[in-house]
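Student: Residue numbers (our numbering), protein chains in the order written: chain L, -9 to 100; chain F, 567 to 682. Glycine included, every Cβ here is placed at the ideal spot set by N, Cα and C. A quick note: this is a predicted structure, and the numbers were derived from the prediction, not measured.
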Amino acid sequence: QKEVEQDPGPLSVPEGAIVSLNCTYSNSAFQYFMWYRQYSRKGPELLMYTYSSGNKEDGRFTAQVDKSSKYISLFIRDSQPSDSATYLCAMRTGRRALTFGSGTRLQVQP
Amino acid sequence: NAGVTQTPKFQVLKTGQSMTLQCAQDMNHNSMYWYRQDPGMGLRLIYYSASEGTTDKGEVPNGYNVSRLNKREFSLRLESAAPSQTSVYFCASSEALRSSGANVLTFGAGSRLTVL
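Next comes the structure, spelled out in structure tokens:
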């Protein structure tokens, strides 16, 4: 079983919709949670970072972490065609390098 | 500011051939990483170098070797390529792999490798 599970999609939504992307994980030691965005044929880039449980908001993006359920979410409000990309969750603990989910491909239709 | 530069961007190999993927960063980062990305599998860590002079295995190291040439450069070598190594390879770097903190990675643009 993978340590981090993520629905691959694709997820197709109309412009302006609220998007919910999710990951579950099995290692309760994970403390640092990130979302990376990857455009086609590009390298991933950091979008959001949260430590432990709680919410973090940055513009149209909100990241949530529920450590009791081992579940993290990324919400995108007022989605735009430019948000079309693959979204990868990532997490780590201690001195371990990041462990990534498999990514969810999002398509926002104009 | 180039960030993380990978070469080559594309490569086609025959089974059994060898090659080296090169990676260089200009951000004075201490830690460097090699990931491979396959459909449905996400990014999987091959090897990493927490600091100059050290290297460690990641999740999928078999069939690969690495060299941390200096603080800037971290190369990945395939000694005898196999079709299972067909993938997109990403190099990344971070300030330092510590016991705490986000360890934000900066990625290169990727190297697409096909092994026939």
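According to DSSP, is P649/F helix, strand or coil?
Tutor: Helix.
Student: Should Y61/L be labelled buried (16 or more other beta-carbon atoms within 10 Å of its own) or exposed?
Tutor: Exposed, because fewer than 16 other Cβ atoms sit within 10 Å of the Cβ of Y61/L.
Student: Would you give the residue range spanned by the beta strand (DSSP E) that L11/L belongs to?
Tutor: Run containing L11/L: 9 to 15, per the beta strand (DSSP E) assignment.
Student: If you draw a straight line from the alpha carbon of Y77/L to that of Q583/F, how long is it in whole angstroms?
Tutor: Approximately 34 Å, taken between the alpha carbons.
Student: In angstroms with no decimal places, state the Cα-to-Cα distance between E625/F and L611/F.
Tutor: Whole-angstrom Cα-Cα distance: 5 Å.
Student: Between which two residues does the beta strand (DSSP E) carrying D56/L extend?
Tutor: Where D56/L is concerned, the enclosing beta strand (DSSP E) stretches over 51 to 56.
Student: Mind listing the chain F neighbours of M24/L? Cutoff is C-beta to C-beta under 8 Å, in chain order.
Tutor: Going along chain F in sequence order, the residues near M24/L (Cβ under 8 Å) are A668, V670.
Student: Would you call I66/L buried or exposed, if buried means 16 or more other Cβ atoms sit within 10 Å of its Cβ?
Tutor: Under this definition I66/L is a buried residue.
Student: Let's see if you can read the secondary structure: which residues bound the beta strand (DSSP E) around T678/F?
Tutor: In the sequence as presented, Thr is not what sits at residue 678/F; that position holds Arg. Here the beta strand (DSSP E) through R678/F covers 677 to 681.
Student: With H, G and I counted as helix, E and B as strand and the rest as coil, what does DSSP make of S617/F?
Tutor: DSSP places S617/F in coil when its eight states are reduced to three.
Student: Taking its Cβ as the centre, do 16 or more other Cβ atoms sit within 10 Å of N669/F, making it buried, or is it exposed?
Tutor: Buried is the call here.
Student: Using only alpha-carbon positions, find the residue among V3/L, P100/L, F23/L that is nearest to K57/L.
Tutor: When each option's Cα is compared against that of K57/L, the closest is F23/L.
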